[in-house]
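Asks: Read top to bottom, the protein sequences are chains A and B. 17 is the number of the first residue of the first sequence in the numbering used here; add one for each residue after it. 334 is the number of the first residue of the second sequence in the numbering used here; add one for each residue after it. Below are the structure tokens for one structure; questions will follow.
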Amino acid sequence: MARSAGAAPDRDRMLSMYRTMLTIRRTEELLVKLYAAGRIYGGVHTYIGEEAVATGVCANLRITDLVFSTHRGHGHALAKGMPPRELIPEVLGKVTGCSGGRGGSMHLFKPEIGFMGSSGIVGPSITLAAGSAYAAKLLKMDRVSVAFFGDGATNNGSFHEGINLAAAWELPAVFVCENNLYATEVPYATVTRNVDVASRAQGYGLPGISVDGNDVMGVHKAAGEAVRRARSGEGPTLIACNTYRTRAHSEGMRDAGYRAAEEIAHWKDRDPIKALEGRLLAGAATQADLEAVDAEVKALVEEASAFALSSQMPDPSTVTRYVYSEG
Amino acid sequence: MREMTFVDAAREGLAEEMARDPSIFVVGEGIGVRGGNFNTTVGLFDLYGPERLRDTPISERGFTAMCIGAAAGGARPVVDFMFIDFLTDAFGDMFNQMSKLQWMSGGRIKMPIVVRGCVGVAPSNAAHHSGNYYPFFMHVPGFRVVMPSTPADAKGLLKTSIRSDDPVLFLEHKSVLTLKGPVPEGEHLVPFGKASVAREGRDVTVVGIAFMVRRALEAAEELSREGISVEVIDPRTLAPLDIDTVLASVRKTGRLLIVDEDFAPCGAASEIAMQVMERGFDDLDAPVKRVNGLFCPAPYSPSLGEHIVPTTTAISQALRDLLAE
Numbered sequence: 017m018a019r020s021a022g023a024a025p026d027r028d029r030m031l032s033m034y035r036t037m038l039t040i041r042r043t044e045e046l047l048v049k050l051y052a053a054g055r056i057y058g059g060v061h062t063y064i065g066e067e068a069v070a071t072g073v074c075a076n077l078r079i080t081d082l083v084f085s086t087h088r089g090h091g092h093a094l095a096k097g098m099p100p101r102e103l104i105p106e107v108l109g110k111v112t113g114c115s116g117g118r119g120g121s122m123h124l125f126k127p128e129i130g131f132m133g134s135s136g137i138v139g140p141s142i143t144l145a146a147g148s149a150y151a152a153k154l155l156k157m158d159r160v161s162v163a164f165f166g167d168g169a170t171n172n173g174s175f176h177e178g179i180n181l182a183a184a185w186e187l188p189a190v191f192v193c194e195n196n197l198y199a200t201e202v203p204y205a206t207v208t209r210n211v212d213v214a215s216r217a218q219g220y221g222l223p224g225i226s227v228d229g230n231d232v233m234g235v236h237k238a239a240g241e242a243v244r245r246a247r248s249g250e251g252p253t254l255i256a257c258n259t260y261r262t263r264a265h266s267e268g269m270r271d272a273g274y275r276a277a278e279e280i281a282h283w284k285d286r287d288p289i290k291a292l293e294g295r296l297l298a299g300a301a302t303q304a305d306l307e308a309v310d311a312e313v314k315a316l317v318e319e320a321s322a323f324a325l326s327s328q329m330p331d332p333s334t335v336t337r338y339v340y341s342e343g
Numbered sequence: 334m335r336e337m338t339f340v341d342a343a344r345e346g347l348a349e350e351m352a353r354d355p356s357i358f359v360v361g362e363g364i365g366v367r368g369g370n371f372n373t374t375v376g377l378f379d380l381y382g383p384e385r386l387r388d389t390p391i392s393e394r395g396f397t398a399m400c401i402g403a404a405a406g407g408a409r410p411v412v413d414f415m416f417i418d419f420l421t422d423a424f425g426d427m428f429n430q431m432s433k434l435q436w437m438s439g440g441r442i443k444m445p446i447v448v449r450g451c452v453g454v455a456p457s458n459a460a461h462h463s464g465n466y467y468p469f470f471m472h473v474p475g476f477r478v479v480m481p482s483t484p485a486d487a488k489g490l491l492k493t494s495i496r497s498d499d500p501v502l503f504l505e506h507k508s509v510l511t512l513k514g515p516v517p518e519g520e521h522l523v524p525f526g527k528a529s530v531a532r533e534g535r536d537v538t539v540v541g542i543a544f545m546v547r548r549a550l551e552a553a554e555e556l557s558r559e560g561i562s563v564e565v566i567d568p569r570t571l572a573p574l575d576i577d578t579v580l581a582s583v584r585k586t587g588r589l590l591i592v593d594e595d596f597a598p599c600g601a602a603s604e605i606a607m608q609v610m611e612r613g614f615d616d617l618d619a620p621v622k623r624v625n626g627l628f629c630p631a632p633y634s635p636s637l638g639e640h641i642v643p644t645t646t647a648i649s650q651a652l653r654d655l656l657a658e
């Protein structure tokens with residue numbers, strides 16, 4: 017099919033984001049299997065269904081930009097550029113993992129590529145991103161800081177305090193709320209009067225926009241404008257991405273009683289990867305193109321899995337290292 | 334050598350460091366134009382402006398966590414809490430992020446941050462402006478806990494704290510802020526983990542914490558008139574704790590008293606006593622003794638306030654009792 021000259025970069029970007037989303041999905045599908053097989057020691061919070069958010073946001077970032085993540089952070093890490101062969105062994109507690117087996121699923125670190133950590137505590141991603149933005153402004157570094165957080169964090173003091181400070185001082189930060197409707201298993205509407213996250217921005221005097229979090233192109237566009245604002249000194253933006261996790265809060269947890277099967281089915285129909293496939297097949301790519309990406313991702317994840325499974329456990333004598341800076 | 338107050342000496346240390354390193358900035362309530370409630374930053378706003386002397390809203394959790402992010406992102410923040418009691422709103426992020434990020438990231442993220450503020454029971458400061466809280470931070474891996482008692486140490490330890498890549502609690506007892514003493518000019522760095530022998534003696538050892546060093550010295554003077562020679566040790570930093578200097582003293586005197594204004598249970602005195610038992614039991618001629626502040630919040634009325642803090646008289650009596658064992 018003939019394409020106009022202007023469509024080529026779009027096609028490349030779409031295929032690149034497709035590859036990222038698929039990498040997140042296939043990596044997590046593997047983790048789900050490993051969890052079920054008893055190979056994973058701790059908690060695993062999957063991002064399945066929410067891949068468009070991390071992918072669309074991080075496609076706007078440079079390696080020097082910083083990302084602060086959540087307990088549901090696999091997607092953020094992979095989208096920021098962490099290879100699966102560093103994430104999977106971490107979740108398996110192996111020395112080759114991105115945190116040397118110290119952290120597991122919830123404590124992923126790779127500051128070398130601007131991935132400043134996922135976290136077991138809800139909220140600090142917001143204030144810490146404001147802080148690294150403050151440092152960037154003070155030291156005149158061309159760097160944008162991004163906080164990912166869920167709807168649960170918006171009812172935490174970190175949201176109020178961090179966004180207030182970032183707005184007051186016009187810090188180069190982007191605040192990305194992944195509103196998946198439930199804080200653990202508590203429905204958002206039962207714990208807050210105003211469920212429109214983006215509208216809260218008005219109270220702090222910064223732009224707030226709401227986007228379909230399952231539409232990677234929409235997320236990419238909104239985040240692109242927010243990153244541009246931050247980079248050009250115009251201050252922070254709050255982006256509310258409305259999305260849904262289609263698996264349980266955490267692997268192995270009972271996923272019933274608080275949400276209806278119909279609701280889950282509805283959101284599975286709105287799968288962000290399928291949606292992007294539809295757009296790609298409407299002209300930008302062929303089925304063969306997509307199959308080629310899928311095969312490439314499958315090989316990547318399989319190699320990472322084999323590497324992780326055959327990796328060594330960390331040496332117990334190293335556990336007290338790095339409590340202090342001298343190591 | 335010239336004499337300065339504790340506050341002026343600490344401020345000189347901060348000013349020298351800010352002149353040396355543009356990545357240092359200070360946050361706090363009223364530390365900008367006003368120069369800080371305790372004059373910690375007077376004159377610096379005119380030199381460095383609002384980005385490096387950032388007045389904050391009353392948002393302790395927010396600005397503390399923000400400084401954690403700033404430290405992770407390449408700056409060297411100093412968080413000026415004025416009263417350390419105000420830090421309690423930031424406990425969560427201090428314990429879960431500030432103290433752990435270096436360890437969690439395998440040393441790839443550094444945490445060069447100084448958290449400073451005034452501690453201690455001062456006249457009529459009452460329950461919300463008199464906290465000590467340092468044992469909490471001694472207990473948690475990752476923190477440095479610094480408590481100078483002299484102007485020279487205030488300067489030298491603040492400079493070391495700012496240069497450290499670890500999170501440091503720099504705690505200033507309100508009763509030593511106006512104390513005057515000799516302070517070296519220019520580059521004066523006091524290392525962490527090195528106690529000072531504030532007074533040499535032969536018969537009994539006293540370890541004092543912060544302001545209690547002053548009272549222990551008064552008690553030592555009092556007992557010298559009774560022919561008793563008291564050695565007074567100022568640990569200066571509680572984490573790391575220089576137990577070797579305490580053990581060397583106990584080897585000489587055979588007796589140890591620890592004086593700490595803070596509560597007794599699970600406190601600095603308990604930790605020092607235990608470490609001496611573990612490593613210096615054979616040198617002890619009597620059980621280790623401690624004198625602590627009373628186990629209750631700080632009151633307002635002067636008659637109540639002085640009652641909860643160890644007095645010089647109480648320290649002298651404890652020393653006599655210890656020598657009679």
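Heads up, the beta-carbon is just placed ideally off N, CA and C, and yes, glycines get one too. Predicted model only: the values in this text are computed from it and were never measured.
What residues are listed by DSSP as bridge partners for B:V516?
Replies: Translated into positions along the second sequence, residue 516 of chain B becomes position 183. B:V516 pairs with nothing; no bridge assigned.
Asks: For chain A, check one thing: does any of its Cβ atoms lie closer than 8 Å to the Cβ of B:G365?
Replies: Taking the second sequence and counting its residues from 1, the one referred to as residue 365 of chain B is at position 32. Judged by the 8 Å Cβ criterion, B:G365 is not in contact with chain A.
Asks: To which residues of the same chain is B:M427 closer than 7 Å at the C-beta, ignoring the five residues directly before and after it?
Replies: The residue given as residue 427 of chain B occupies position 94 in the second sequence. So the qualifying residues of the chain are T397.
Asks: Should A:G133 be flagged as near chain B, meaning a C-beta pair shorter than 8 Å?
Replies: Here residue 133 of chain A refers to the residue found at position 117 when the first sequence is read from its first residue. Answer yes: the Cβ-Cβ gap between A:G133 and chain B drops below 8 Å somewhere.
Asks: Is B:Q608 close to chain A, meaning its C-beta is less than 8 Å from at least one C-beta of that chain?
Replies: Stepping through the second sequence from its first residue, residue 608 of chain B is reached at position 275. No, no contact with chain A.
Asks: May I ask you to report which of helix, strand or coil DSSP gives A:A18?
Replies: Counting from one through the first sequence, the residue named residue 18 of chain A turns up at place 2. Because A:A18 sits at a pLDDT of 42, beneath the cut-off of 50, its placement in the model cannot be relied upon, and the following sentence gives the value as read from the coordinates. Three-state DSSP puts A:A18 in coil, outside helix and strand.
Asks: Note down, in chain order, every chain A residue with its Cβ under 7 Å from the Cβ of B:M351.
Replies: For the purposes of this step, residue 351 of chain B is taken as residue 18 along the second sequence, with counting starting at 1. Result: empty, since nearest Cβ-Cβ is about 12 Å, beyond 7 Å.
Asks: Pick helix, strand or coil for A:H61, following the three-state DSSP scheme.
Replies: Residue numbering aside, residue 61 of chain A sits at position 45 when the first sequence is read from its first letter. In this structure, A:H61 counts as coil in the three-state DSSP scheme.
Asks: If the criterion is Cβ atoms closer than 8 Å, does the pair A:T259 and A:N230 meet it?
Replies: Within the first sequence, numbered from 1, the residue matching residue 259 of chain A stands at position 243. Within the first sequence, numbered from 1, the residue matching residue 230 of chain A stands at position 214. Yes, Cβ-Cβ distance for A:T259 and A:N230 is below 8 Å.
Asks: As a quick exercise: from A:R270, A:P188, A:S115 and A:A75, pick the residue whose alpha carbon is nearest that of B:G402.
Replies: Your numbering for residue 402 of chain B matches position 69 in the second sequence. The shortest C-alpha separation from B:G402 is found at A:P188.
Asks: Taking C-alpha atoms, which residue in B:T374, B:V530, B:K507 and B:E518 lies nearest to B:L594?
Replies: Residue mapping note: residue 594 of chain B aligns to position 261 of the second sequence, counting from 1. According to the sequence as given, residue 594 of chain B is Glu; it is not Leu. For the residues B:T374, B:V530, B:K507 and B:E518, the minimum Cα distance to B:E594 belongs to B:K507.
Asks: For chain B, is any of its Cβ atoms less than 8 Å away from the one on A:G116?
Replies: The sequence position of residue 116 of chain A within the first sequence is 100, counting from 1. Taking Cβ atoms only, chain B reaches closer than 8 Å to A:G116, which makes this a yes.
Asks: Scan the region 96-120 of chain A for residues whose Cβ lies nearer than 8 Å to a Cβ of chain B and list them as they occur along the chain.
Replies: S115, G116, R118 and G119
Asks: Using a Cβ-Cβ cut-off of less than 8 Å, list which residues of the region 485-504 of chain B approach chain A; keep chain order.
Replies: S497, D498 and D499
Asks: Name the chain B residues that come within less than 7 Å of A:A152, Cβ to Cβ?
Replies: For the purposes of this step, residue 152 of chain A is identified with residue 136 of the first sequence, where counting begins at 1. Under the 7 Å cutoff, chain B gives G406.
Asks: With 7 Å as the C-beta to C-beta threshold (strictly closer), list the residues of the region 436-450 of chain B near chain A in chain order.
Replies: W436, M437, S438, G439, G440, R441, I442 and K443
Asks: For the structure I just gave you, are there three or more beta carbon pairs, one from the region 614-629 of chain B and one from the region 579-591 of chain B, closer than 8 Å?
Replies: yes
Asks: Using the beta-carbon of each residue, which ones in chain B are nearer than 9 Å to A:I137?
Replies: In the first sequence, the residue the question calls residue 137 of chain A occupies position 121. Ordered by position in chain B, the residues that pass the 9 Å Cβ test against A:I137 are G425, D426, N429 and Q430.
Asks: Can you find a CB in chain B that lies within less than 8 Å of the CB of A:A18?
Replies: Start at 1 with the first residue of the first sequence, and residue 18 of chain A comes out as number 2. Its pLDDT being 42, under 50, A:A18 is placed unreliably in this model, and the value from its coordinates should be taken loosely. Not closer than 8 Å to any Cβ of chain B, the Cβ of A:A18 fails to qualify, so no.
Asks: My guess is that B:P481 and B:K513 are in contact by the Cβ rule of under 8 Å, so how many angstroms apart are they, rounded?
Replies: Against the second sequence, residue 481 of chain B aligns to sequence position 148. Against the second sequence, residue 513 of chain B aligns to sequence position 180. Wrong, their Cβ atoms sit about 14 Å apart, outside the cutoff.
Asks: Spatial neighbours of B:E505 within its chain, please: C-beta separation below 6 Å, excluding the five flanking residues on both sides.
Replies: Residue mapping note: residue 505 of chain B aligns to position 172 of the second sequence, counting from 1. For B:E505, where only same-chain residues beyond five positions count, the Cβ hits under 6 Å are C451.
Asks: In angstroms, rounded to a whole number, what distance separates the CA positions of A:A21 and A:M37?
Replies: Position 5 of the first sequence, counted from the start, is the residue given in the question as residue 21 of chain A. Position 21 of the first sequence, counted from the start, is the residue given in the question as residue 37 of chain A. No answer about A:A21 holds up, because its pLDDT of 44 lies below 50 and its placement is not dependable.
Asks: If you draw a straight line from the alpha carbon of B:K527 to that of B:P568, how long is it in whole angstroms?
Replies: By 1-based counting over the second sequence, the position of residue 527 of chain B is 194. By 1-based counting over the second sequence, the position of residue 568 of chain B is 235. Computed Cα separation, rounded: 7 Å.
Asks: For B:Q391, return the contacting residues in chain A, with the cut-off set at a CB-CB distance below 8 Å.
Replies: Taking the first residue of the second sequence as position 1, residue 391 of chain B is located at position 58. Looking at the sequence shown, residue 391 of chain B is not Gln but Ile. Simply none; closest approach about 10 Å.
Asks: Where does A:V335 fall in DSSP's three states?
Replies: Along the first sequence, read from residue 1 onward, the residue named residue 335 of chain A stands at position 319. Residue state, collapsed to three classes: coil.
Asks: Just how far apart, CA to CA, sit A:I66 and B:M415?
Replies: Working through the first sequence from its first residue, we reach residue 66 of chain A at position 50. Working through the second sequence from its first residue, we reach residue 415 of chain B at position 82. Inspection of the sequence shows that residue 66 of chain A is occupied by Glu rather than by Ile. Roughly 44 Å separates the two Cα atoms.
Asks: Express the C-alpha separation of A:A300 and A:A18 in angstroms, rounding to a whole number.
Replies: Numbered from 1 along the first sequence, position 2 holds the residue referred to as residue 18 of chain A. Numbered from 1 along the first sequence, position 284 holds the residue referred to as residue 300 of chain A. Because A:A18 sits at a pLDDT of 42, beneath the cut-off of 50, its placement in the model cannot be relied upon, and the following sentence gives the value as read from the coordinates. Each residue's alpha carbon lies about 10 Å from the other.
Asks: Quick check on the DSSP output: the alpha helix (DSSP H) that includes A:I104 runs from which residue to which?
Replies: In the first sequence, residue 104 of chain A corresponds to position 88, counting from 1. Per DSSP, A:I104 belongs to the alpha helix (DSSP H) from P100 to V107.
Asks: Which residue spans inside the region 73-159 of chain A form an unbroken beta strand (DSSP E) run of at least 3?
Replies: 82-84
Asks: Are at least three pairs of beta-carbons, each pair with one atom in the region 146-157 of chain A and one in the region 101-118 of chain A, less than 8 Å apart?
Replies: no
Asks: Note down, one range per segment and in chain order, each beta strand (DSSP E) of at least 3 residues found wholly within the region 454-497 of chain B.
Replies: 477-479
Asks: Touching or not, the region 75-88 of chain A and the region 121-140 of chain A, by the rule of three or more beta carbon pairs under 8 Å?
Replies: yes
Asks: By a C-beta neighbour count over all protein chains shown, 10 Å radius and 16 as the cutoff for buried, is A:H236 buried or exposed?
Replies: Position 220 of the first sequence, counted from the first residue, corresponds to residue 236 of chain A. It is buried - the Cβ of A:H236 has at least 16 other Cβ atoms within 10 Å.
Asks: By how many angstroms is the C-alpha of A:I142 removed from the C-alpha of A:R216?
Replies: Working through the first sequence from its first residue, we reach residue 216 of chain A at position 200. Working through the first sequence from its first residue, we reach residue 142 of chain A at position 126. In a straight line, the C-alpha of A:R216 is about 15 Å away from that of A:I142.
Asks: What are the start and end residues of each continuous alpha helix (DSSP H) run of 4 or more residues lying completely inside the region 243-302 of chain A, in chain order?
Replies: Taking only runs of at least 4 residues, the alpha helix (DSSP H) segments lying wholly in the region 243-302 of chain A are 277-285 and 288-295.
Asks: Mind checking which residues open and close the beta strand (DSSP E) that includes B:I566?
Replies: Position 233 of the second sequence holds residue 566 of chain B. For B:I566, the enclosing beta strand (DSSP E) starts and ends at V563 to D567.
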